[in-house]
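Trainee: Letter by letter, the sequence shown follows residues 6 to 635 of my numbering. Glycine residues also receive a C-beta, built at the ideal position from the N, C-alpha and C atoms. The structure's right below; bear with me while I get my questions together.
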Amino acid sequence: MLDGRYVVRSKIARGGMAMVYLGDDLRLGRNVAIKIMHAHLADDENFTRRFEQEARSAAGLGHPNVVNVFDQGEAHGVPYLVMEYLPGITLRDLLKQQRQLTTEQVAEIAEAVLAGLSAAHESGIVHRDLKPENVLLADDGRIKIGDFGLARAVSANTTTGQALLGTIAYLSPELVTRGIADARSDLYAFGIMLFEMLTGRQPYTGEQPMQIAYQHAHSDVPAPSSIAPEVPEEFDRLVQWTTGRDADARPDSAREALDYLRAVRAGDSLAATAVLPATTSFGTVTPSTAVLSDIDRQQLADQAPTTAAPRAAQPASSAVSHASDLSTKRAKRGRVIAAVVTLLVALAAGGGWWFGQGPGSTIPVPEVAGLDLATAEQTLKDATLVAEPFECSSLEVQAGLAARTEPKAGTRVDRGSTVRLCQSTGPELLAVPALVGLSVEDAKREIETARFTFGSVIEQQFDGGTKGTVILAVDTNGEGLGETYPEQAVIDLIVSAGSVPQVAGLSVEDATKALTDAGLTVDSSLNSEAHNDEIEQGKVISAVLPEDTLRVGSTVGLSISLGPELVEIPDVKDMPLQEAMDLLASLGFDATTNVPDSLRTFAIASGTNPKSGEKAKKGSTVQVKAKIDL
Numbered sequence: 006m007l008d009g010r011y012v013v014r015s016k017i018a019r020g021g022m023a024m025v026y027l028g029d030d031l032r033l034g035r036n037v038a039i040k041i042m043h044a045h046l047a048d049d050e051n052f053t054r055r056f057e058q059e060a061r062s063a064a065g066l067g068h069p070n071v072v073n074v075f076d077q078g079e080a081h082g083v084p085y086l087v088m089e090y091l092p093g094i095t096l097r098d099l100l101k102q103q104r105q106l107t108t109e110q111v112a113e114i115a116e117a118v119l120a121g122l123s124a125a126h127e128s129g130i131v132h133r134d135l136k137p138e139n140v141l142l143a144d145d146g147r148i149k150i151g152d153f154g155l156a157r158a159v160s161a162n163t164t165t166g167q168a169l170l171g172t173i174a175y176l177s178p179e180l181v182t183r184g185i186a187d188a189r190s191d192l193y194a195f196g197i198m199l200f201e202m203l204t205g206r207q208p209y210t211g212e213q214p215m216q217i218a219y220q221h222a223h224s225d226v227p228a229p230s231s232i233a234p235e236v237p238e239e240f241d242r243l244v245q246w247t248t249g250r251d252a253d254a255r256p257d258s259a260r261e262a263l264d265y266l267r268a269v270r271a272g273d274s275l276a277a278t279a280v281l282p283a284t285t286s287f288g289t290v291t292p293s294t295a296v297l298s299d300i301d302r303q304q305l306a307d308q309a310p311t312t313a314a315p316r317a318a319q320p321a322s323s324a325v326s327h328a329s330d331l332s333t334k335r336a337k338r339g340r341v342i343a344a345v346v347t348l349l350v351a352l353a354a355g356g357g358w359w360f361g362q363g364p365g366s367t368i369p370v371p372e373v374a375g376l377d378l379a380t381a382e383q384t385l386k387d388a389t390l391v392a393e394p395f396e397c398s399s400l401e402v403q404a405g406l407a408a409r410t411e412p413k414a415g416t417r418v419d420r421g422s423t424v425r426l427c428q429s430t431g432p433e434l435l436a437v438p439a440l441v442g443l444s445v446e447d448a449k450r451e452i453e454t455a456r457f458t459f460g461s462v463i464e465q466q467f468d469g470g471t472k473g474t475v476i477l478a479v480d481t482n483g484e485g486l487g488e489t490y491p492e493q494a495v496i497d498l499i500v501s502a503g504s505v506p507q508v509a510g511l512s513v514e515d516a517t518k519a520l521t522d523a524g525l526t527v528d529s530s531l532n533s534e535a536h537n538d539e540i541e542q543g544k545v546i547s548a549v550l551p552e553d554t555l556r557v558g559s560t561v562g563l564s565i566s567l568g569p570e571l572v573e574i575p576d577v578k579d580m581p582l583q584e585a586m587d588l589l590a591s592l593g594f595d596a597t598t599n600v601p602d603s604l605r606t607f608a609i610a611s612g613t614n615p616k617s618g619e620k621a622k623k624g625s626t627v628q629v630k631a632k633i634d635l
């Protein structure tokens, strides 16, 4: 339990700085990912500062392609972060499964990564550790960048020579040679990652990290198509643009690269080309050949003004050659146009099948979990579906929000279908088992069997009962439980510490030890003294309890005996006998005499035994001597 709010469940992943666990946010009723720094790093201020920087950096982004950070805290001296939980895999896992991704997969992942980087760069944040391990692919289709643990403000972009902290395979040349990073360094790492997705391998390999670092600094990244010929030219250009050894040759921001990729995905080759600088290609080329294909150049030529400037005269042979080349290009263009027309006809013919009977006739149920009910209903309506709300309990989604759909998100259904939309009522309320009188282990077993979370023994009270048994079950605020309680919520226990040790008649030292061994603190400032007929002077009468409820850890004092209280015997000589006896009785003595009752009226006290002036304890017998005066 962290901060009385987060329950740590199971380990998800381990990194160089921290361990990541699946957890429950009891306050909001949702699953979260909890990143807890390794204990051996907690004393290192540099690591701690970098860990906290991750929270501040990521929390300020709030972008659909960046993992959200919800909270930051410290438990037992170890910092932790609370982030959104994304069930799924990493891009590294996908590369291990497929090795080389399809162009469609690459385009979708690359666009999401660039969108997330754009948000970070526009907020003045550089990731500095972009790699497939930090790209998360959720089961619901979301793609997000995580782990901003090495991120820092762009204004503070210089590292010390001691630490190039990113993964060596994705380090930019400027980081290798000068330890300098800015937004363009992230784009270099993106370009390497793009190369890896397209080809199934990294551009540089070596037995030692320094060998790989040297290649980053002194070699140009090859064209992906040189390894995988099926890679489109547009992706070759994007890799070349983002992996330039000179940072100035790369895009100024992820936004530029994103604009290019979106134009490519939209099929607008001219718009995509317009984004690129004139020198973007593999090898040394002139501006005219750097960005345009033959078809692109021919299209531009067709759109050029008819009043072109005159050209210098060419030799006949050159002119013939030029005409031949032009004819060839026009023929190539004609074949391309014919192919496009044929494709359009085929699409027109197949469109009816696709949207009538094929996959296009159904649509996936959109993800609405976590949205307010009105927004969730509108989302389904926009997807041409009919929402049918109902209530259900949910551990992950707070009460009042949309929890899930039936069928679940991603399921393909017919347009116009009715989709049941669950509005969360929060965790299910369950009956609380009887726990009072059980041992802690038995109580824990009952708690977990009833689908609650056992917290801890928060207090031990001296109640005279059986030590170690449950006195009371409480919530995280220390309040007693009712008949029902939310599923998975934490239950803490108050347990009996047994009886307060009996210390009557013990020495102060022995009494102090007995109370201390029982978990109490003895404070001599709370001590008191009193006369006691039974306990000899200097011995302990009892413990002094300043609190009504005595707990393990409470502070007590000692009541110490002064011994029996002694009273001086008065001088009763020449007093009427009865008066003398009444005086002694008023002082607490047991007054006796040998004079018969019938004669006491005529008797005068002549002394006492013990004698007057001596001291005796209250309750002791004092005999009054008397003489008869007739």
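At 4 residues or longer, what runs of the alpha helix (DSSP H) sit wholly inside the segment 83 to 134?
Mentor: For the segment 83 to 134, whole alpha helix (DSSP H) runs of length 4 or above, ordered along the chain, are 96 to 103 and 108 to 127.
Trainee: Rounded to whole angstroms, what's the CA-CA distance from residue 392 to residue 415? Just pull it up for me.
Mentor: Position 387 of the sequence shown, counted from the start, is the residue given in the question as residue 392. Position 410 of the sequence shown, counted from the start, is the residue given in the question as residue 415. Near 15 Å, if we compare the C-alpha coordinates of residue 415 and residue 392.
Trainee: Using alpha carbons as the reference points, say which of 402, 150 and 464 lies closest to residue 377.
Mentor: Counting from 1 along the sequence shown, the entry for residue 377 is found at position 372. Closest option to residue 377, Cα to Cα, is 402.
Trainee: Look at residue 130 and residue 140 and say whether their C-beta atoms are less than 8 Å apart.
Mentor: To locate residue 130, count along the sequence shown from 1; it is residue 125. To locate residue 140, count along the sequence shown from 1; it is residue 135. No.
Trainee: Which complete beta strand (DSSP E) runs does the segment 508 to 534 hold, if anything under 3 residues is left out?
Mentor: Taking only runs of at least 3 residues, no beta strand (DSSP E) segment lies wholly in the segment 508 to 534.
Trainee: Are the segment 570 to 585 and the segment 606 to 622 touching by the rule of at least three beta carbon pairs closer than 8 Å?
Mentor: Taking 8 Å as the limit for Cβ pairs, the verdict is that the segment 606 to 622 does touch the segment 570 to 585.
Trainee: Tell me the DSSP secondary structure of residue 183 in three-state form.
Mentor: In the sequence shown, counting from the first residue as 1, residue 183 sits at position 178. Three-state result, residue 183: helix.
Trainee: Run through DSSP, which three-state label would residue 403 get?
Mentor: Counting from one through the sequence shown, the residue named residue 403 turns up at place 398. In the structure shown, residue 403 sits in coil (DSSP, three-state: anything other than H, G, I, E or B).
Trainee: Could you tell me whether the Cβ atoms of residue 27 and residue 38 are closer together than 8 Å?
Mentor: Counting from 1 along the sequence shown, the entry for residue 27 is found at position 22. Counting from 1 along the sequence shown, the entry for residue 38 is found at position 33. In this structure, residue 38 lies closer than 8 Å to residue 27 by Cβ.
Trainee: How about residue 22 and residue 46: are their beta carbons less than 8 Å apart?
Mentor: Here residue 22 corresponds to residue number 17 of the sequence shown, with the count starting at 1. Here residue 46 corresponds to residue number 41 of the sequence shown, with the count starting at 1. The answer is yes: Cβ separation under 8 Å.
Trainee: Compute the Euclidean distance between the alpha carbons of residue 445 and residue 474, then round it to the nearest angstrom.
Mentor: Position 440 of the sequence shown, counted from the first residue, corresponds to residue 445. Position 469 of the sequence shown, counted from the first residue, corresponds to residue 474. Cα to Cα, the separation comes out at about 6 Å.
Trainee: Under the rule that 16 or more other beta-carbon atoms within 10 Å means buried, what is residue 501, buried or exposed?
Mentor: Stepping through the sequence shown from its first residue, residue 501 is reached at position 496. The residue in question, residue 501, is buried, as its Cβ has 16 or more Cβ neighbours within 10 Å.
Trainee: I'd like to check one pair, residue 409 with residue 651: are the Cβ atoms closer than 8 Å?
Mentor: This structure gives no information on residue 651, because the portion of the chain shown stretches from 6 to 635.
Trainee: Work out the CA separation of residue 121 and residue 10 for me, nearest whole Å.
Mentor: Taking the sequence shown and counting its residues from 1, the one referred to as residue 10 is at position 5. Taking the sequence shown and counting its residues from 1, the one referred to as residue 121 is at position 116. Whole-angstrom Cα-Cα distance: 30 Å.
Trainee: When the Cα of residue 595 is compared with those of 404, 257 and 621, which residue comes out closest?
Mentor: Locating residue 595 in the sequence shown gives position 590, counting from the first residue. Selected option, being the one with the closest Cα: 621.
Trainee: Kindly provide the ranges of any beta strand (DSSP E) runs that are 3 or more residues long and lie completely inside the segment 442 to 497, ordered along the chain.
Mentor: Entirely contained in the segment 442 to 497, the beta strand (DSSP E) runs reaching 3 residues are, in chain order, 458 to 467, 475 to 479 and 489 to 491.
Trainee: Quick one, are the C-beta atoms of residue 565 and residue 616 less than 8 Å apart?
Mentor: Numbered from 1 along the sequence shown, position 560 holds the residue referred to as residue 565. Numbered from 1 along the sequence shown, position 611 holds the residue referred to as residue 616. Cβ distance not < 8 Å, so residue 565 and residue 616 don't count as in contact.
Trainee: Taking just the CA atoms, how far does residue 491 sit from residue 178?
Mentor: Taking the sequence shown and counting its residues from 1, the one referred to as residue 178 is at position 173. Taking the sequence shown and counting its residues from 1, the one referred to as residue 491 is at position 486. For residue 178 and residue 491, the distance between alpha carbons rounds to 55 Å.
Trainee: Given a cut-off of 8 Å on the beta-carbon distance, is the pair residue 428 and residue 453 in contact?
Mentor: Mapped onto the sequence shown, residue 428 falls at position 423. Mapped onto the sequence shown, residue 453 falls at position 448. Contact flag unset, no.
Trainee: Among 186, 173 and 239, whose alpha-carbon lies nearest the alpha-carbon of residue 212?
Mentor: Taking the sequence shown and counting its residues from 1, the one referred to as residue 212 is at position 207. It is 173.
Trainee: Using the rule of at least 16 other Cβ atoms within 10 Å of the residue's Cβ for burial, across every protein chain shown, is residue 542 buried or exposed?
Mentor: Sequence index remark: in the sequence shown, residue 542 carries index 537 (1-based). The residue in question, residue 542, is exposed, as its Cβ has fewer than 16 Cβ neighbours within 10 Å.
Trainee: Express the C-alpha separation of residue 118 and residue 189 in angstroms, rounding to a whole number.
Mentor: Counting from 1 along the sequence shown, the entry for residue 189 is found at position 184. Counting from 1 along the sequence shown, the entry for residue 118 is found at position 113. Straight-line Cα distance between these residues: approximately 14 Å.
Trainee: I'd like the list of long-range same chain contacts for residue 14, defined as Cβ closer than 7 Å, with 5 residues on each side in sequence excluded.
Mentor: Here residue 14 corresponds to residue number 9 of the sequence shown, with the count starting at 1. Taken in chain order, the residues that qualify are 26, 27, 28 and 29.
Trainee: To the nearest angstrom, report how far apart residue 365 and residue 242 are at their CA atoms.
Mentor: As a position in the sequence shown, residue 365 is number 360, starting the count at 1. As a position in the sequence shown, residue 242 is number 237, starting the count at 1. With a pLDDT of 47 at residue 365, under the threshold of 50, the modelled position of that residue is not reliable, and the figure given next carries that caveat. Roughly 33 Å separates the two Cα atoms.
Trainee: Assuming residue 258 contacts residue 128 (C-beta within less than 8 Å), just tell me the rounded distance between them.
Mentor: On the sequence shown, residue 258 is found 253 positions in, with the first residue counted as 1. On the sequence shown, residue 128 is found 123 positions in, with the first residue counted as 1. About 12 Å separates the two Cβ atoms, so there is no contact after all.
Trainee: Note down, in chain order, each residue of its chain lying with its Cβ closer than 7 Å to the Cβ of residue 534, except the 5 sequence neighbours on either side.
Mentor: Here residue 534 corresponds to residue number 529 of the sequence shown, with the count starting at 1. For residue 534, where only same-chain residues beyond five positions count, the Cβ hits under 7 Å are 565 and 567.
Trainee: When DSSP builds the beta bridges, which residues end up paired with residue 425?
Mentor: Within the sequence shown, the letter at position 420 stands for residue 425. Answer is 393 and 411, bridged to residue 425.
Trainee: Would you list the residues sitting across from residue 435 in a DSSP beta bridge?
Mentor: Against the sequence shown, residue 435 aligns to sequence position 430. Note: residue 435 sits in a beta bridge opposite 490.
Trainee: Distance, Cα to Cα, residue 630 vs residue 589?
Mentor: Counting from one through the sequence shown, the residue named residue 630 turns up at place 625. Counting from one through the sequence shown, the residue named residue 589 turns up at place 584. So the alpha carbons of these two residues sit roughly 13 Å apart.
Trainee: Leaving aside the five residues before and after residue 554 along the sequence, list all residues of the same chain whose C-beta is less than 8 Å from its C-beta, in chain order.
Mentor: The residue given as residue 554 occupies position 549 in the sequence shown. So the qualifying residues of the chain are 466.
Trainee: So, is residue 379 buried or exposed, given that buried needs 16 or more other C-beta atoms within 10 angstroms?
Mentor: Here residue 379 refers to the residue found at position 374 when the sequence shown is read from its first residue. Flag for residue 379 reads exposed.
Trainee: Between which two residues does the beta strand (DSSP E) harbouring residue 369 extend?
Mentor: As a working mapping, residue 369 is identified with position 364 in the sequence shown. Where residue 369 is concerned, the enclosing beta strand (DSSP E) stretches over 367 to 369.
Trainee: Compare the beta carbon distance of residue 521 and residue 495 with 8 Å and say whether it is the shorter of the two.
Mentor: Against the sequence shown, residue 521 aligns to sequence position 516. Against the sequence shown, residue 495 aligns to sequence position 490. It is not a contact, given that the beta carbons lie outside the stated cut-off.
Trainee: Out of 237, 103, 150 and 404, which one is the CA nearest neighbour of residue 69?
Mentor: Sequence index remark: in the sequence shown, residue 69 carries index 64 (1-based). Nearest C-alpha to residue 69: 150.
Trainee: Between the beta-carbon of residue 24 and the beta-carbon of residue 84, is there less than 8 Å?
Mentor: Start at 1 with the first residue of the sequence shown, and residue 24 comes out as number 19. Start at 1 with the first residue of the sequence shown, and residue 84 comes out as number 79. Cβ distance not < 8 Å, so residue 24 and residue 84 don't count as in contact.
Trainee: Please report the residue range of the beta strand (DSSP E) in which residue 75 lies.
Mentor: Locating residue 75 in the sequence shown gives position 70, where the first residue counts as 1. Unbroken beta strand (DSSP E) run through residue 75: 74 to 80.
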